[in-house]
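Undergrad: Sharing a structure with you now.
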Amino acid sequence: MQIRLTVSVPRGGQAAAGHAGGARTCDVLVTAPAGTALSAVASGLAAAVAGGSETSGPVVLYAGGERLDAQRRILGEPPLVDGAVLALQSPGDDGPADAGAEPQLHIVAGPDSGGVHLLHGGRIGVGRSAEADVPLDDPDVSRLHCAVTVGEDGRVTVADLGSTNGTALDGRAVGERPVPLRPGALLRIGESTLRLTAPGSLPVPLPTAPDGEGRLRIPARPPGTYPPDEETDETGGTGGTGGTGGESSYTALPETAVYDGAPAVLEPEPSGAGARRKGGIGAWARRFKAAPEPDGGELSAAPGPEAAPPARPVPETWPDPAAVLLTALGPGPRLWERDSGHPESLVLRLGTADREGLPSVPVTVGLREAGSLGIAGPRPRLTGAARWAVAQLAALHSPAGLEIVLISADRSRAAEARRADWAWLGWLPQVRPAHGQDCRLLLAYDRDQAAARTAELTRRLDDGPLGPGWPSADRTALASAAGQYEGPRTVVIVDGDPGSAALRETAARLAGAGWSAGIHLIVLAETPAASPAAPVAAVYETACAASLPFRECGAVGMLSGDVATGLRVLRTSGGLPAGQGTLAVVDAVSAAWAERFARALAPLRTEENDDGSGGSGGRAAALPRSSRLLDELGLARATPASLMARWAAAGEVPAPVAVLGSGPHGPLAVDLAAEGPHLLIEGPPGSGRTELLRSVAASLAAAGRPDRLGLLLVDGAGGGERGAGLAACTDLPHVTDHLVASDPVRMRTFAQSLGAELKRRAELLEGTDFAGWHAVGRSGGGQRTAGRVVGPRSPSAGEQGGTAAVGSRTAAARAAQTGLQGGRGDLESPPSSTLRLRPGGRTRPAPTPGPLPRLVVLVDDFDALVAPALGSTGRPSAGSVVRALEAVARDGERLGVHLVAASARPDRTADTALARSGGLRAVLDQPPAQAGPDAPLPGRGRLGRPDGRVVEFQGGRVTGRIPRTATLRPTVVPLEWERMGDPPTRRPVRELGNGPTDLALLASALERAAGSVDAAPLPPLAPVPS
């Protein structure tokens, strides 16, 4: 487990050695086994912030104002998660108060936007001075500009304090007499816009679940679902305007609107099924529709009690910086809402403008249409605008669909200054390499790192639809390829000169053609602000000279005005600005805002990031030589907490998702229910078939509780080296039966029991399929079955010996099931193991039937069962087992039973129902005769899907000993952000010669997790009585 923390000595606390005032912070990387107590690294954290020197006295750590018990607090559990800030020896700043208890003042637009200020009562001064209660870094704001007052009755008023540029409320002047400030109203001071938010108007945060390894899991958003539409959302400006269920209420902007930067005025469409209501400027129009004051007049003083209640706030399609910050801190329901099919995907809000009498209408640019975006202006304001552009991308697009790359290698600026500008970026989950890039973070602070990042991107374009000829493709071909691209996106921030001449040329080609493969550049160029003395055309040429890729951008934003708070957004054509563009007020955020925002996102992950899908898209990476299954599952150190979090996210009926190993896009997973229903693995001896079967069993067990998913193991070779392959999996609590095909009696009993189970399920489902049966049960529209479910007769001790024992837990499970059935009463034992349905007894109500568990049958050496060798001890009963497995292959999909089989002789199994089913098929490669140091280990193969797609993968290994690094003492290492773009140090992974295997580690964690959630394992298949 690795988590990143920041340790600080607050002012007024004990200073670190050599640092007067104690205002020192240090970012550290903590490496420790899961479950490590804070006490194990406390001294290391103190030494890191002290610059490596020893500290005297006991180490006391605080998370905000809370003192942490070093013995009881566990690394990886809240608050000790990725991105957390710890204070040494004295309390730090308290975390945010209850955001819904008090009214809030949001800074929603302007050069210092994004602030969220709680109004506790009394008079609150707003101005440019540091002494103001709400300070604003806006040159057009007076030192003490206006005062917002919260009365004892909860009413909020605002009054101007004799400011130079005046105060306006919804476009009307405010004088020195207080006037009411209603929730949702826009208060304009200087170039900044503020909005009052009423108590209790913020949306309900998303639920989070710690995984015990420093991450917080949030529910994955189903594709095509967007936030509630604006007619029903009560979020006070932080909600969305999209519908659910595939219908969208977002405005489809025309191309001119995208380039001109502001939403066009669109006529409303007819209502009805499938109709889309327009948003954009209409939302602002509806907000001010009922304003009684005439335009241009001064607002009257505060009204009496008979004043009308304020209008309900309208959520916005393009959230403001304050809403984005609250989305990250919540986390709010709009977090990562924009997938590739979202109509506002990659649309950036750059600023606001007054349109047709409406204040603060967002000015937007769509990267999918523009390709790349250039921003030019003076450095402080330029960096603030760039922070806001990147932050909104990170808040609205998930790491599975967007990665962010930084190239800041301009030697004309000091390295320390460049690191200070972008240090916050390293906390974002989108900068982690997820597609095989050879680095720890997608950052480039020197030319070598920049060359590596650009080479990774050009390889992706070489593999794209245009091939190696993409640099010479014309605009039409690029637009056609961009329109067909459906994979994840990459946004590259190029800050200044990329470096060498080769890097300049490569970055320019990426800016012009990268959008054809989902690569979009945001190019920053430091120039003077546009003004009458420095026309836009001249500033544009200066920007192109400062950064060569700037000329290839399809849209540019030029900071303008005496203090660079204006922004002129233009489209380009032929490398020159086109038209007059749109003049707006720039939105920019501070470095402190960006740091707080990025740390809030650092620990967040969605379940889809770790289900083995590895994200979507068409980008490929080289396969590793070997693959550790627990790493692919995101369970480097499997803990009960992380497994329980997975099971909780999987729901009542978990999907049978099996992770095969490492694929070109990350972990390669197959959903047997959605893609199968069965999987056939073929490969010659030594290719890793058995190990792949073990990995399938282990990953299935990690995906669902043992009372919701059962595993049946069959070793088909009947003993010896080949027949003992799946015995290592019997420690998994999900395993109910393990058959070794060497005893004809046991084989016949297993076949009869499996056939009876299929018959039982067919009668129970009553003509429906497995998914439909559970859907009826969840809908509450009726009973799952017409009568009572009568349990099978409990087998005798002799009958239980018909199958191999899988541990003492089966007896407990059998006893638990018998206990649940209760006494005899009106339940009569049937003469067979098939469940009988009959009308319920009148003496007591029938218990509500629980979910029907899935079963997965895993068969090793399937070919040895189909064509057993002469003299094989299991040959007399092999046919009965094969017939039972054939029944699973034919009818298992409807009954919730899946078959995963491995075969060394595909010619022997070609005529089986499993081979003819056309489902999933994995073909493993012949191992090389002489394996070199770079040759892949056994397990390299290709997965064929039913739709014809073929994916190469390296099978995950699960029976290897745990790495030695997992048992080392915890370490604390200072983070060097400028070196995060280097290739990671590669040390040979050495296994513990006498330590437990990964499979044993996982089995133990599964047993403890099952006990914690009271998930009793399924009983073995009930034998059919003679």
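Under the working numbering, the very last position in the sequence shown is 1063; numbers go up by exactly one each time. Just so you know, even glycine gets a beta-carbon here, dropped at the ideal spot from N, CA and C. Values in this document were obtained by computation on a predicted structure and should not be read as measured data.
1. To the nearest angstrom, how far is the alpha carbon of Val1061 from that of Val777?
2. Out of curiosity, what's the CA-to-CA distance linking Ala1050 and Met681?
3. Note down the Cα distance separating Gly703 from Ala673, rounded to an integer number of angstroms.
4. Considering only the beta carbon of each residue, do Thr767 and His775 sit closer than 8 Å?
5. What does the alpha-carbon distance come out to for the pair Leu902 and Gly916?
6. Return the first residue and the last residue of the alpha helix (DSSP H) that Gly227 is part of.
7. Quick check on DSSP: helix, strand or coil for Asp35?
8. Determine the closest residue to Ala615 out of Leu638, Ser597, Ala628, Arg588, with distance taken between C-alpha atoms.
9. Please list, in chain order, all residues of the same chain as Arg405 whose beta carbon is under 6 Å from its beta carbon, the five residues on each side excluded.
10. What are the uninterrupted segments assigned as beta strand (DSSP E) that are 3 or more residues long and contained completely in the segment 535-611, given in chain order?
11. Here's the rule I'm using: 16 or more other beta-carbon atoms within 10 Å means buried, otherwise exposed. How should Ser664 be labelled?
12. State the DSSP-derived secondary structure class of Gln108, mapped to helix, strand or coil.
13. Tell me, which residues are paired with Leu705 by DSSP?
14. Ends of the alpha helix (DSSP H) at Asp130?
15. Quick test of your reading: Val44 and Ala74, contact by CB under 8 Å. State the CB separation rounded to the nearest angstrom.
16. Going by beta carbon distance, what residues of the same chain come within less than 7 Å of Asp197, once the five residues before and after it are set aside?
17. Span of the beta strand (DSSP E) holding Glu440?
18. Between Ala678, Pro722, Asp532, which has its C-alpha nearest Arg456's C-alpha?
19. The beta strand (DSSP E) spanning Leu181 covers which residue range?
20. Pull the bridge partners of Arg61 from the DSSP assignment, please.
21. When you compare only the Cα positions, how much space is there between Gly403 and Asp624?
22. Residues in the same chain with beta-carbon distance under 8 Å from Arg450, minus the five sequence neighbours each way, listed in chain order, please.
23. In the DSSP assignment, what residue or residues form a beta bridge with Asp897?
24. Would the segment 101-119 count as touching the segment 1030-1047 if we require 3 or more Cβ pairs under 8 Å?
25. Going by the DSSP bridge assignment, what does Leu802 pair with across the sheet?
26. Rounded to whole angstroms, what is the Cα-Cα separation between Ala1059 and Leu667?
27. What is the DSSP secondary structure of Gln617, counted as helix, strand or coil?
28. Sorted by chain position, which residues of the same chain lie with C-beta nearer than 8 Å to Leu206's C-beta, five sequence neighbours on each side aside?
29. Just mark Ala574 as buried or exposed, buried being the case when its beta carbon has 16 or more other beta carbons within 10 Å.
30. If I follow the unbroken alpha helix (DSSP H) through Gln486, where does it start and stop?
31. Whole angstroms are fine: how far does the CA of Pro115 sit from the CA of Glu393?
32. Taking the continuous beta strand (DSSP E) assigned at Gly992, which residues delimit it?
33. Within its chain, find whatever has a CB closer than 7 Å to the CB of Val1009; leave out the 5 residues flanking it on each side and keep chain order.
34. Going by DSSP, name the residue or residues bridged to His935.
35. Looking only at its chain, what residues have a beta carbon closer than 7 Å to the beta carbon of Val772, apart from the 5 residues adjacent to it on each side?
36. Pick out whichever of Asp483, Ala489, Glu453 has its Cα sitting closest to the Cα of Pro470.
TA: In this structure, then:
1. Between the C-alpha atoms of Val1061 and Val777 there is a straight-line separation of about 19 Å.
2. The question names Ala, but residue 1050 in the sequence shown is Val. Spanning the two alpha carbons is a distance of roughly 8 Å.
3. Rounded to whole angstroms, Gly703 and Ala673 show a C-alpha spacing of 15 Å.
4. It is a contact, given that the beta carbons lie within the stated cut-off.
5. Rounded to whole angstroms, the separation of the alpha carbons of Gly916 and Leu902 is 7 Å.
6. Per DSSP, Gly227 is not a residue of any alpha helix (DSSP H), being assigned neither H nor E.
7. Residue 35 falls outside the range modelled here, since the chain spans only 38 to 1063, and no answer is possible.
8. Here the closest residue by C-alpha is Arg588.
9. If we look at Arg405 and ignore the five residues flanking it on each side, its Cβ neighbours are Leu383.
10. Whole beta strand (DSSP E) segments, 3+ residues: 556-563, 592-597, 603-610.
11. Buried, because 16 or more other Cβ atoms sit within 10 Å of the Cβ of Ser664.
12. Gln108 falls in the coil class under three-state DSSP.
13. Gly698, per the DSSP bridge assignment.
14. In this chain, Asp130 is not harboured by any alpha helix (DSSP H), its DSSP state being neither H nor E.
15. Taking 8 Å as the upper bound for CB-CB distance, Val44 and Ala74 are not in contact here, some 17 Å apart.
16. So the list reads Cys183, Gly203, Thr204, Val211, Gly212, Glu213, once near-sequence residues are dropped.
17. 439-444 is the span of the beta strand (DSSP E), which, as asked, contains Glu440.
18. The candidate whose alpha carbon is nearest that of Arg456 is Asp532.
19. For Leu181, no beta strand (DSSP E) segment is defined, and its DSSP state is neither H nor E.
20. Note: Arg61 sits in a beta bridge opposite Val46.
21. Answer to the nearest angstrom: the Cα atoms are 16 Å apart.
22. Around Arg450: Gly533.
23. In the DSSP output, where bridge partners are listed per residue, Asp897 has Asp752.
24. Result no; under three Cβ-Cβ pairs closer than 8 Å.
25. Beta-bridge partners assigned by DSSP to Leu802: none are found.
26. Cα-Cα distance, rounded: 33 Å.
27. Per DSSP, reduced to three states, the secondary structure at Gln617 is strand.
28. Here the set comprises Val195, Val216, Leu218, Ala222, Leu223, Leu224, Arg225, Leu336.
29. Under this definition Ala574 is an exposed residue.
30. DSSP places Gln486 inside the alpha helix (DSSP H), whose first and last residues are 484-499.
31. Here the alpha carbons of Pro115 and Glu393 stand approximately 49 Å from one another.
32. Where Gly992 is concerned, the enclosing beta strand (DSSP E) stretches over 987-994.
33. Cβ neighbours of Val1009 beyond the five flanking positions: Val65, Val67, Val78, Gly81, Leu82, Ala85.
34. Answer is Val893.
35. By the criterion of a C-beta distance shorter than 7 Å, Val772 is surrounded in its chain by Leu748, Leu750, Cys766, Val843, once the five residues flanking it on both sides are discounted.
36. Selected option, being the one with the closest Cα: Ala489.
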